[in-house]
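Have a look at the structure below before the remarks.
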Amino acid sequence: MKKERILVTGGTGYIGSHTVVELQNAGYSVVIIDNLSNSNRNVLDGIERITNIRPDFVEADCCDITALTALFKQYPDIKGIINFAASKAVGESIEKPLLYYRNNLNSLMNLLDLMPQYGVKGIVFSSSCTVYGEPDENPVTEAAPIKTATSPYGNTKQICEEIIHDVVRSGAPIKSVILRYFNPVGAHPSAEIGELPNGVPQNLIPYLTQTAIGIRKELSVFGDDYNTPDGSCIRDFINVVDLAKAHVIAVERMLQDKSLEQVETFNLGTGIGLSVKELIAAFERATGVNVPHKIVGRRPGDIEKVWANPKYANEVLGWEATASIDDTMRSAWAWQCRLRERGIM
Ligand code: UD1
124 MKKERILVTG GTGYIGSHTV VELQNAGYSV VIIDNLSNSN RNVLDGIERI
174 TNIRPDFVEA DCCDITALTA LFKQYPDIKG IINFAASKAV GESIEKPLLY
224 YRNNLNSLMN LLDLMPQYGV KGIVFSSSCT VYGEPDENPV TEAAPIKTAT
274 SPYGNTKQIC EEIIHDVVRS GAPIKSVILR YFNPVGAHPS AEIGELPNGV
324 PQNLIPYLTQ TAIGIRKELS VFGDDYNTPD GSCIRDFINV VDLAKAHVIA
374 VERMLQDKSL EQVETFNLGT GIGLSVKELI AAFERATGVN VPHKIVGRRP
424 GDIEKVWANP KYANEVLGWE ATASIDDTMR SAWAWQCRLR ERGIM
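Remember, the numbering used here sits 123 above the position in the sequence shown when you count from 1.
Here's what the structure looks like:
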């Protein structure tokens with residue numbers, strides 16, 4: 124049975140593309156809007172190869188309200204939005220704060236503005252565990268205090284969450300599900316889509332897989348003098364397909380009026396904290412491929428340890444991250460190898 128149409132902003136990006144696959148597999152019609160600032164049109168081919176459906180695609184920027192309005196007019200059947208479109212590099216946000224505030228806030232505000240006019244019931248918002256800063260205790264629940272952001276990027280996530288609450292409080296007839304992601308990693312098991320950052324990767328897994336295949340000489344481990352068992356930072360690495368599936372459930376809740384509150388917030392993690400060194404070891408064990416690495420100094424702004432208590436999402440959404448870290452590492456490696464086969468990287 125054909126379900127409602129969902130607008131996926133940033134749908135050719137890493138998490139967006141995996142979510143489009145899961146939405147289409149669940150029977151939703153999708154239209155993607157993306158300005159291709161950090162992704163490529165070829166991602167649509169990957170999505171089509173997996174699902175046999177090519178999502179509709181509009182190349183435009185969500186900050187462009189004229190283009191957005193035209194899109195809602197062209198697709199009057201849009202009932203829900205998943206908003207991935209945002210800039211997400213922590214370091215870049217410190218150098219170019221206005222770019223981050225403008226891009227991340229304006230795109231959300233435009234969507235919120237237009238939703239009631241075009242009969243869109245709900246919006247899923249991509250937030251981050253960065254809102255918890257360095258948490259007082261782990262695992263982190265949704266009730267943990269929001270800490271002062273350490274970067275403009277992190278601040279945009281906090282402000283966007285507040286904007287959603289304020290707009291709903293003002294009486295706007297919309298619902299929202301805020302999803303706070305921990306560290307999404309891995310790729311679709313088909314290796315048709317995955318993470319493809321522009322330039323030198325800032326995040327751990329793309330740097331690791333590029334090192335393993337020989338594009339980078341050596342992975343730098345940023346610090347081994349943290350107050351953790353092996354001295355390296357601890358994160359909650361969640362498989363991107365598990366993460367994507369939670370979005371389908373979130374959309375269903377909003378459209379079927381199952382939400383407990385007009386704005387709901389969930390942590391999306393595995394509940395397992397793994398250190399950077401443990402992750403490298405997991406990759407080597409799962410793939411049999413060696414990752415040359417060395418310990419270097421700490422990266423400014425890094426959190427020492429953060430992992431999720433996903434109990435609320437498990438119980439209320441009926442969702443759980445199930446992929447093993449070994450399978451996830453193998454999927455990341457298969458994707459890197461596919462990029463090589465295709466002569467992309
Ligand atoms: C950061 C943001 C997060 C954001 C994500 C997406 C914070 C606190 N976290 O996550 O909100 O959603 O980026 O871009 O703002 N590492 C290395 N060597 C490397 C790369 C990383 O050792 O070459 C280490 C880091 O020090 C860190 C861990 O690996 O301890 C994970 O780093 P990364 O993948 O960049 O993600 P976060 O910093 O956790």
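Every residue, glycine too, gets a C-beta built ideally from N, C-alpha and C. These numbers come from a predicted model, not from an experiment.
Quick check: does the Cβ of Leu342 come within less than 8 Å of any heavy atom belonging to the ligand ZN? The ligand ZN is not among the ligands present in this structure, which contains only the ligand UD1.
Proximal residues to Gln333 (C-beta, below 8 Å), its chain only, five neighbours per side dropped: Closer than 8 Å at Cβ, skipping near neighbours: Pro324, Arg339, Gln459, Met468.
For Gly242, which of Ala367, Leu397, Ser355, Leu130 has the nearest alpha-carbon? Out of Ala367, Leu397, Ser355, Leu130, Leu130 has the C-alpha closest to the C-alpha of Gly242.
Where Ser447 sits in the DSSP three-state scheme: The three-state reading of DSSP puts Ser447 in coil, since its state is none of H, G, I, E or B.
With a threshold of 8 Å (Cβ to nearest heavy atom), would Arg358 be considered close to the ligand UD1? Arg358: yes, Cβ under 8 Å from the ligand UD1.
Short CB-CB distance (under 9 Å) between Asn233 and chain C: Absent here is chain C; the protein component of the structure consists of one chain.
Determine contact between the stretch 409-425 and the stretch 345-354, defined as no fewer than three beta-carbon pairs at a distance below 8 Å. Contact between the stretch 409-425 and the stretch 345-354 is established, with three or more Cβ pairs separated by less than 8 Å.
Confirm the yes/no value for this check: CB of Gln459, any heavy atom of the ligand UD1, distance under 8 Å. Flag unset: Cβ of Gln459 not near the ligand UD1.
Assign Arg303 to one of three DSSP states: helix, strand, or coil. The answer is strand: DSSP assigns Arg303 an E or B state.
In the DSSP assignment, the beta strand (DSSP E) including Arg128 goes from what residue to what residue? Counted as a single uninterrupted DSSP element, the beta strand (DSSP E) harbouring Arg128 occupies residues 128-132.
Would you give the residue range spanned by the alpha helix (DSSP H) that Leu331 belongs to? Annotation: the continuous alpha helix (DSSP H) that includes Leu331 extends over 327-335.
Per the contact definition of three or more C-beta pairs closer than 8 Å, is the stretch 273-284 in contact with the stretch 355-362? By the Cβ rule, the stretch 355-362 does not count as touching the stretch 273-284, because fewer than three pairs are nearer than 8 Å.
Just how far apart, CA to CA, sit Leu222 and Asn161? Near 14 Å, if we compare the C-alpha coordinates of Asn161 and Leu222.
Assuming Val254 and Ala373 make a contact with CB atoms under 8 Å, what is their CB distance in whole Å? Actually they do not touch by this definition, with Cβ atoms about 17 Å apart.
Using 8 Å as the cut-off, can you tell me whether the stretch 180-200 makes contact with the stretch 148-158, which would need three or more C-beta pairs spanning the two stretches below that distance? The stretch 180-200 vs the stretch 148-158: in contact.
Pick helix, strand or coil for Ser274, following the three-state DSSP scheme. Ser274 falls in the coil class under three-state DSSP.
On the CB-based measure, 16 or more other CB atoms within 10 Å of its CB, does Arg453 come out buried or exposed? Its Cβ being crowded by 16 or more others within 10 Å, Arg453 is buried.
According to DSSP, is Thr400 part of a helix, a strand, or is it coil? Here residue 400 is Lys; the residue named in the question, Thr, does not match the sequence. Three-state DSSP puts Lys400 in a helix.
Going by the C-beta, is Val213 closer than 8 Å to any heavy atom of the ligand UD1? Flag set: Cβ of Val213 near the ligand UD1.
What number of angstroms, rounded off, separates the C-alpha of Ile170 from the C-alpha of Arg177? CA-to-CA, the gap between Ile170 and Arg177 works out to about 7 Å.
In three-state terms, what does DSSP make of Glu318? Three-state result, Glu318: coil.
So, at 8 Å on beta carbons, what are the nonlocal neighbours of Cys356 in its own chain, with the 5 sequence-adjacent residues on each side left out? Phe345, Gly346, Tyr349, Ser398, Val399, Asp425, Ile426, Glu427, Lys428.
Taking 8 Å as the cut-off, does the CB of Gln281 come closer than this to any heavy atom belonging to the ligand UD1? Between the ligand UD1 and Gln281, a heavy atom-to-CB distance of less than 8 Å is absent.
Could you check whether the Cβ of Phe345 sits closer than 8 Å to any heavy atom belonging to the ligand UD1? Remark: the C-beta of Phe345 is in contact range of the ligand UD1, defined as less than 8 Å to any heavy atom.
Closest Cα partner of Leu191 within the set Asn278, Phe207, Asp236: Residue Asp236 holds the alpha-carbon nearest to the alpha-carbon of Leu191 among Asn278, Phe207, Asp236.
Among Gln240, Ile286, Ser216, Ala310, the one whose alpha carbon lies nearest that of Ser447: Of Gln240, Ile286, Ser216, Ala310, the residue nearest in Cα terms is Ala310.
With 16 other Cβ atoms within 10 Å as the buried cut-off, status of Ile383: Contrary to the premise, residue 383 reads as Leu rather than Ile in this sequence. Leu383 should be labelled exposed.
Going by other Cβ atoms of all chains shown within 10 Å of its Cβ, with 16 needed for buried, is Gly214 buried or exposed? It counts as exposed.
Contacting residues, own chain, Cβ-Cβ under 7 Å from Ser471 (five flanking each side not counted): Limits of the chain in this structure are 124 at one end and 468 at the other, which puts residue 471 out of reach.
Taking Cβ positions, are Gly396 and Asn261 nearer each other than 9 Å? It is a contact, given that the beta carbons lie within the stated cut-off.
Alpha helix (DSSP H) segments (min. 4 residues) lying fully within the stretch 212-267: Considered as a whole, the stretch 212-267 harbours 213-218, 220-240 as its complete alpha helix (DSSP H) runs of no fewer than 4 residues, in chain order.
Any non-hydrogen atom of the ligand UD1 within 8 Å of Thr174 CB: No.
To the nearest angstrom, how far is the alpha carbon of Ser299 from that of Glu341? Rounded to the nearest angstrom, the two C-alpha atoms are 42 Å apart.
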